[in-house]
Every structure is written in structure tokens, then in C-alpha cells.
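Everything below concerns the one structure shown next.
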Amino acid sequence: MSKSRASGSVASIGYASGPLFFLSVDAVAYMPSGVADEEAVRLRAALTSAAESVATLMQSADEEAAGILEFQIAMLDDESLSEPAFAAIAAGANAADAWSDAMADEIQGYEAAEDAYFRARSSDLRDIAARVLRKLSGVAELAPPQGAIIAGKDLTPTQFLAMDWTRGGGIVLKAGSPASHVAMLARSRAVPMLVGVDSLEAANGDLVLLDAEHGSVVVGPDAEAQRAFMSASAAHRDRVQHAQLRVRDRAVTVDGVAIDVLVNIAEPADVRSLDLASCDGVGLMRTEFLFGHGLPDEATQYAAYRTVLEWAGDKPVTIRTVDAGGDKPVPGYTLDETNPFLGLRGIRLSLSRPDVFRVQARALLRAAVHGNLKVMFPMVTIARELAEAAQLFELEAKGLAAAGIPHRMPPLGIMVEVPAVAISPEGLAAAAFFSIGSNDLTQYVMAAGRDNNAVSMLNDVRNPAVIALIGQVARFGAAKAIPVSLCGDAGGDPAAIPALLKAGLRSLSVTPAQLPLAKATIAASRAMDPIDGAA
Ligand code: PEP
Ligand code: MG
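Here's what the structure looks like:
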């Protein structure tokens with residue numbers, strides 16, 4: 005009999021088997037020396053060694069991860085962080101207890117902070133606290149064994165980025181949500197992931213079979229569980245491999261309707277190893293990741309946009325102006341709000357900070373000469389926002405023309421992700437195109453936060469209310485000759501694709517890892533309703 009089983013919600017589809025690796029440090033055993041001076045020396049050495057480990061991680065990190073790790077090194081070097089621990093050691097505590105207690109206070113302080121930026125940094129502090137404890141106890145670095153299944157309460161994007169996923173592995177979380185940012189990262193790197201997994205009875209090193217297609221985890225599997233896993237994972241692998249063979253084909257439904265399939269990316273590195281022939285362009289380039297560690301200057305932005313445009317050649321590249329706010333705070337830019345998903349985020353924030361918006365507009369206008377650029381504004385709710393954003397682009401274009409700097413005005417479109425626009429799109433018919441943001445549209449229509457697993461059952465794009473709105477936007481676009489696409493995560497979800505096609509969508513944007521299965525699903529779906537032929 006297998007040791008135990010648990011189930012959860014699929015956040016990133018796939019199969020993995022390997023040793024379990026718990027993220028918690030509960031198992032850490034520390035042997036105190038009983039001498040205060042020796043304890044202080046040990047703590048000092050653990051701090052230095054932890055900073056060195058983070059610096060090593062940084063060498064192979066991409067830009068996004070490097071910024072996060074840089075913050076951790078700065079914290080480890082900060083004397084004021086370790087001072088209370090050294091004081092406790094002087095008063096008789098051992099190094100591990102002194103450090104744990106001092107960090108617990110510090111983490112609590114960050115978690116209670118008014119400023120969302122500091123609250124978001126509490127997970128970095130937890131990382132640091134655990135790393136130093138492991139150094140003190142001689143426990144191996146948080147480098148899971150090859151192909152390990154990582155288990156824990158939650159996983160931060162920082163932790164995800166610091167791990168090497170090139171050799172397989174998977175994630176099993178008690179909390180988390182399929183719509184969270186770490187889930188998006190997992191999908192984009194094809195790392196199998198389950199969330200909402202309660203009661204996982206297992207120990208570090210136990211063999212685990214993770215089925216992130218049907219949502220199950222088996223610990224210490226018996227022969228029958230192993231056989232079932234092998235056969236389901238082989239079938240999945242065959243489907244993906246088969247789909248991969250046809251990934252360069254144009255996606256056409258069973259009833260002969262051609263569907264554009266584009267990709268969602270976050271940074272230029274995402275297209276480096278992507279075969280351009282496998283997609284119809286970039287449907288969404290999020291720019292928040294450029295803004296992750298402060299406000300990027302015009303040259304940095306221009307270089308990033310130009311790289312992607314040159315890669316895409318004459319295929320379209322839709323770059324979205326920064327959608328900071330909500331669950332994506334940017335230090336020094338976003339505000340501390342009690343309900344950030346309903347606050348000053350996306351275009352609302354950009355229009356309130358023309359100093360920042362102008363820099364992005366200029367970088368985009370200049371980059372536009374290098375390819376087939378479209379610019380998209382997030383969280384547009386009323387026509388005035390689109391008009392004001394377009395006006396700002398016009399003004400910057402004039403400035404560039406006066407200075408003799410090459411530039412081009414791209415088509416300006418909007419995300420349809422606020423229910424007001426989906427219900428009544430007439431007011432925004434001036435947009436050059438619509439791209440449906442099903443992640444936000446679903447959470448707003450269903451009143452179920454995308455970051456909350458407790459309501460993930462409600463956060464369902466296939467709910468008739470959400471599908472009806474998507475269908476309405478598709479019909480409106482067709483009637484007014486406004487191109488409509490969808491760039492939310494539902495576009496790459498085989499379970500949602502048939503409903504999206506039936507709703508009338510003819511263009512989907514998915515993460516690169518989802519391309520093969522999304523195209524295969526389209527090829528096996530009908531776009532028209534067989535009863536009345538309506539599209
Ligand atoms: C969406 O809301 O569907 C979307 C694509 O934007 P983001 O996930 O970045 O909010
Ligand atoms: Mg959105």
C-alpha cells in the first residue's frame with residue numbers, strides 16, 4: 005500500500021516523480037557550544053557563508069532573479085539586522101535560537117508594515133532566516149536534490165527563481181493559487197505544480213509521484229500506484245511530444261477555422277530559445293518585470309523592446325505599458341492601498357505619474373521602428389483613459405520628431421479586463437484592438453481573488469457569466485472591425501480553449517510552454533456551434 009495520498013488544484017500541468025524536499029526548516033538540529041564567544045563566531049561565519057551562497061546563485065540568475073538576490077545580500081550585510089541576535093548571544097542564548105528569535109521579530113515587523121513593498125519583502129527575510137539557520141546547523145543549502153518535489157506552505161517567486169528547474173522536479177503547496185505569480189512562472193517553465201494540497205503525510209526524501217494533470221500526489225507509492233503513474237505520465241508525454249511535432253503548423257480547428265496563437269512573455273530572455281515559426285507573434289509582453297526593482301530608464305526599456313521586436317521580424321508584438329499595482333508592487337511607484345486590486349493600478353497609475361509614463365512612451369515610440377509593434381494599455385475602464393494615454397503618446401512623438409529621433413506611432417489598443425468595458429465596450433471603440441485579460445476579468449466578475457486558493461473554485465473562466473462577456477466582446481469586435489484577442493492564462497488551458505473558441509475568439513496568446521498543447525487542443529476543437537453554425 006502507498007504511504008499516503010493527497011489531492012490539490014492543478015496550477016501547472018505535468019508529471020514529476022522524485023524525492024520530497026520540504027521547504028520548512030523545522031527539522032534543523034543545532035548543537036550549541038555553550039560558550040557565548042564561540043556562538044557569536046559561528047553566527048558571524050553563518051552570515052558570511054549565507055551571503056556567499058546568495059552571491060553564487062546570482063551568477064547564474066537572470067535579470068529578474070538577480071535584483072531579488074541582491075536585496076538579500078544587502079540584508080545579510082546589514083549589521084542592524086543581526087545586532088539583536090548578537091545581543092541575545094551575549095546574554096546567554098545559543099546562536100540558532102538567538103538568530104531565529106531576532107528574525108521572527110523582524111519578519112513580523114515587515115508583515116505588519118503599512119507599505120505593501122515591505123510586506124512583500126517579508127518572504128525574502130524568511131528566505132534569509134532559513135538560509136542562515138541551515139548554515140549554522142550544517143544542513144545542506146536550500147538546493148533541492150535533482151528533480152526533487154518541493155513541498156511547503158507557499159513558495160515565493162524568489163524561491164522559485166533561485167531553484168534549478170532544468171533537471172525536472174515539481175511543486176506541491178498547501179496554500180497558493182493557480183492564478184498567482186509563482187504559478188504563472190511555473191507554467192511558463194513547464195514545472196508541474198499543485199496548490200491547495202492539505203494533509204501531505206510525508207518526510208523529507210520520501211519518493212513522491214506528482215500528477216499535476218489530475219491533481220494528485222502519492223507518497224511512498226506501491227507497485228499499483230507506480231504503474232498508474234507511469235501510464236498516465238507516458239500518455240501525457242506522448243500527447244506533448246506529438247503536439248510538439250506539429251507546433252510549427254498553423255492552428256486550424258476541426259471545422260476549418262484558422263486561429264492565431266501568439267505568446268505571452270515577460271522579458272526578452274523568454275524569446276531567446278523560442279522558435280519564431282511556432283507562434284504568430286507576441287500577444288502580450290508584460291513590462292512589470294522590467295519595473296521590478298525600481299523605475300527603468302528609457303535606454304533600458306528601449307533595448308528590451310527592440311530585442312523582442314527584432315526577434316519577431318514582421319510578426320506582431322504587443323507590448324503592454326506597465327501594469328504595476330494590484331499584486332505587483334513597484335517600490336517608489338505604487339501606493340500602499342487597502343484594496344490594491346481595485347486601486348490605482350495599470351493605466352490609472354500611469355496617467356497619475358506622467359513623469360514615469362512619458363519615459364515608457366518614448367522608449368516604445370523609438371522601438372516601434374524596429375518591428376511590428378502594437379501598444380496596449382492595461383486596466384482601461386473608461387474612454388477618457390484611452391484618450392489621455394493616446395494624447396501623451398502623440399505629445400512624445402512630437403517631441404521625438406522635433407529632436408529628429410527616429411520613431412513611429414504604433415496602433416494603441418486596450419486590455420479588456422474590467423467588467424465595465426466587457427459589458428459596454430461601445431465607449432472604447434476608438435481602441436485599435438482589444439485583448440481580453442481573462443485573469444482579471446474572471447476575478448472581478450466572480451468576486452474571487454486570483455491570489456486566493458480558498459476561492460479558486462469560483463475563479464473559473466468557464467463560468468457562463470465570464471464566457472458570455474467574452475462572447476459579447478468578440479461579437480462587438482467583429483461588428484466594428486476591432487481585432488479581439490485573449491491573453492489571460494485561460495488561452496493556454498486545454499480545458500478552457502473549446503469554450504473560448506465557441507465564444508468567438510480567433511486569436512489566443514499563451515505562454516511558450518503551452519504552445520504545443522494549446523495548438524493541439526485547437527486542432528481537435530470546433531469553432532462553430534454545430535447546431536446553428538454560429539461562431
Ligand atoms: C489578465 O488579467 O488576464 C492579464 C493577462 O494580465 P495580468 O495577468 O498581468 O494581470
Ligand atoms: Mg490583468
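Counting from 1 along the sequence shown, just add 4 to a position and that's the residue number in our numbering.
All residues carry an ideal CB built from backbone N, CA and C; glycine is no exception.
request  = Sort Val261, Leu137 and Asp455 by Cα distance to Leu80 and report the nearest one.
outcome  = Leu137
request  = Can you say whether Asp318 is buried or exposed, counting buried as having 16 or more other CB atoms within 10 angstroms of its CB?
outcome  = Flag for Asp318 reads exposed.
query = Shortest alpha-carbon distance to Leu61 belongs to which of Ala393, Leu165, Ala116 and Leu27?
reply = Nearest C-alpha to Leu61: Leu165.
message = Between Asn456 and the ligand MG, is there a pair consisting of the residue's CB and a ligand heavy atom that are separated by less than 8 Å?
response = no
inquiry  = For the beta strand (DSSP E) containing Ser13, name the first residue and the last one.
reply    = Ser13 to Ser16
key: Local conformation of Gly22 per DSSP, three classes   = Residue state, collapsed to three classes: strand.
ask   = Less than 9 Å separating the beta-carbons of Arg252 and Tyr19?
value = No, the pair does not count as a contact, with Cβ atoms beyond the cut-off.
message = Can you determine whether any heavy atom of the ligand PEP sits closer than 8 Å to the C-beta of Gly492, and answer yes or no?
response = In this structure, the C-beta of Gly492 approaches the ligand PEP to less than 8 Å from one of its heavy atoms.
message = Please classify His218 as buried or exposed, where buried requires at least 16 other C-beta atoms within 10 Å of its C-beta.
response = Burial check for His218: the Cβ neighbour count within 10 Å stays below 16, so the residue is exposed.
request  = Keeping to the same chain, check which residues put their C-beta closer than 6 Å to that of Pro23; ignore five residues upstream and five downstream.
outcome  = Apart from the 5 residues on each side of it in sequence, Pro23 sits with its Cβ closer than 6 Å to the Cβ of Pro149, Ala152 and Gly209 in its chain, given in chain order.
query = What residue from Leu348, Lys139, Ser13 and Arg125 has the CA that sits closest to Arg46's CA?
reply = Lys139
inquiry  = Using only the alpha-carbon positions, how far apart do Asp30 and Gln230 sit?
reply    = Low confidence applies to Asp30: its pLDDT is 46, below 50, so where it sits in the model is not reliable, and the reading given next is rough at best. Taking the straight line joining both Cα atoms gives about 30 Å.
Collapsed DSSP secondary structure at Ile409 in the structure displayed = coil
task = Hey, could you find the ends of the beta strand (DSSP E) Thr322 is sitting in?
result = Pro320 to Arg324
key: Contacting residues, own chain, Cβ-Cβ under 8 Å from Leu409 (five flanking each side not counted)   = Just to set this straight, residue 409 is Ile in the shown sequence, not Leu. Cβ within range, chain order: Arg370.
query = Measuring from the CB of Leu445, is there a heavy atom of the ligand PEP at a distance below 8 Å?
reply = In terms of side-chain proximity, the C-beta atom of Leu445 is found nearer than 8 Å to a non-hydrogen atom of the ligand PEP.
query = Where do the N-terminal and C-terminal ends of the alpha helix (DSSP H) with Gly562 fall, by residue?
reply = Outside the shown range of the chain (5 to 539) lies residue 562, about which nothing can therefore be said.
key: Nearest to Asp101 (by Cα), restricted to the options Glu115, Gly113, Tyr114 and Ser86   = Of the candidates Glu115, Gly113, Tyr114 and Ser86, the one whose C-alpha sits nearest the C-alpha of Asp101 is Ser86.
query = Span of the alpha helix (DSSP H) holding Leu213?
reply = Per DSSP, Leu213 belongs to no alpha helix (DSSP H); it is in the beta strand (DSSP E), Leu211 to Ala216.
request  = Inspect the CB distances between the segment 265-275 and the segment 517-526 and report whether three or more fall short of 8 Å.
outcome  = Segments in contact, yes.
request  = Using alpha carbons as the reference points, say which of Gly475, Ala183 and Met380 lies closest to Asn463.
outcome  = Ala183
request  = Answer yes or no: the CB of Pro382 versus the heavy atoms of the ligand MG, is any distance below 8 Å?
outcome  = yes
message = Tell me the residue span of the alpha helix (DSSP H) that contains Lys7.
response = Counting along the chain, Lys7 falls outside any alpha helix (DSSP H), and DSSP gives it neither H nor E.
Straight-line Cα distance separating Ser235 from Pro335 = 48 Å
inquiry  = Quick check on DSSP: helix, strand or coil for Ser460?
reply    = coil
message = Going by DSSP in three states, Gly219 sits in which element: helix, strand or coil?
response = Looking at Gly219 - three-state DSSP - the assignment turns out to be coil, as it is neither helix nor strand.
ask   = Do the CB positions of Arg349 and Thr338 come within less than 9 Å of each other?
value = Contact flag set, yes.
ask   = Taking Cβ to Cβ, would you say Met167 is nearer than 9 Å to Ala133?
value = no
message = With a threshold of 7 Å on Cβ separation, who are the neighbours of Asp284 within its own chain once the five nearest residues in sequence on each side are excluded?
response = Asp264, Val265, Leu266 and Lys319
ask   = Could you give the distance in angstroms between the alpha-carbon of Gln447 and the alpha-carbon of Asn456?
value = Per the coordinates, the alpha-carbon of Gln447 lies some 10 Å from the alpha-carbon of Asn456.
3-residue-minimum beta strand (DSSP E) runs that sit fully inside the segment 240-301, ordered along the chain = 262-269 and 286-289
ask   = What is the DSSP secondary structure of Leu378, reduced to helix, strand or coil?
value = The question names Leu, yet the displayed sequence has Lys at residue 378. Reduced to three states, the DSSP call for Lys378 is strand.
ask   = Looking only at C-alpha atoms, which of Val222, Trp103 and Ser203 sits nearest to Met5?
value = Val222
inquiry  = Spatial neighbours of Ala540 within its chain, please: C-beta separation below 8 Å, excluding the five flanking residues on both sides.
reply    = No information on residue 540 is available, as it lies outside the stretch 5 to 539 that the chain covers here.
ask   = According to DSSP, is Met419 helix, strand or coil?
value = strand
task = State yes or no: is the C-beta of Glu389 nearer than 8 Å to some heavy atom of the ligand MG?
result = no
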